[in-house]
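*Asks:* Just so you know, we're using full-length UniProt numbering here: the sequence shown kicks off at 1 and counts up by one.
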Amino acid sequence: MTETKTRARPAAVALTAGAEARIAKLMAAAPEGAIGVRLSTPRRGCSGLAYSVDYVTKEQKFDEKIETPGGVFYIDGASVLYLIGSTMDWVEDDFAAGFVFENPNAKGACGCGESFTV
1 MTETKTRARP AAVALTAGAE ARIAKLMAAA PEGAIGVRLS TPRRGCSGLA YSVDYVTKEQ
61 KFDEKIETPG GVFYIDGASV LYLIGSTMDW VEDDFAAGFV FENPNAKGAC GCGESFTV
């Protein structure tokens, strides 16, 4: 009988140090009952899909779970295929702050950057 070997697979989304620090900050100020933050891609905007980051109060069956130094980061199970190979960063400048995504699966985006197509 041959032995089955399992290997760890890389996370669907790579988090930069800036994104991890922001998750830690969010979790430090999280509402009661929050167990982490979740990235999802709801249908929204003129190109079809948008990025959404929200607090999580309950783990969902098919979510991908990524342990970070500042807290648990979940990726919505229905969104994983749209996000594989992406990098998530937190960017701040004098005028704006927010999560920024480099997504190799995105084939296009709307002019305002609100949504993307795959």
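C-beta atoms are modelled at their ideal positions from N, C-alpha and C, and glycine is treated no differently.
Where Pro104 and Leu26 are concerned, what is the direct C-alpha to C-alpha distance, given to the nearest angstrom?
*Replies:* 26 Å
*Asks:* Within 10 angstroms of the Cβ of Asp94, are there 16 or more other Cβ atoms? Answer buried if so, exposed if not.
*Replies:* exposed
*Asks:* With H, G and I counted as helix, E and B as strand and the rest as coil, what does DSSP make of Tyr51?
*Replies:* Three-state DSSP puts Tyr51 in coil, outside helix and strand.
*Asks:* Indicate the three-state DSSP secondary structure (helix, strand or coil) for Ile66 in the structure shown.
*Replies:* strand
*Asks:* Check whether the Cβ atoms of Val53 and Val37 lie closer than 9 Å to each other.
*Replies:* yes
*Asks:* Report the rounded CA-to-CA distance for Ala21 versus Gly98, giving the unit in angstroms.
*Replies:* So the two alpha carbons sit approximately 12 Å from each other.
*Asks:* Whole angstroms is fine: what's the gap from Pro31's alpha carbon to Tyr82's?
*Replies:* 28 Å
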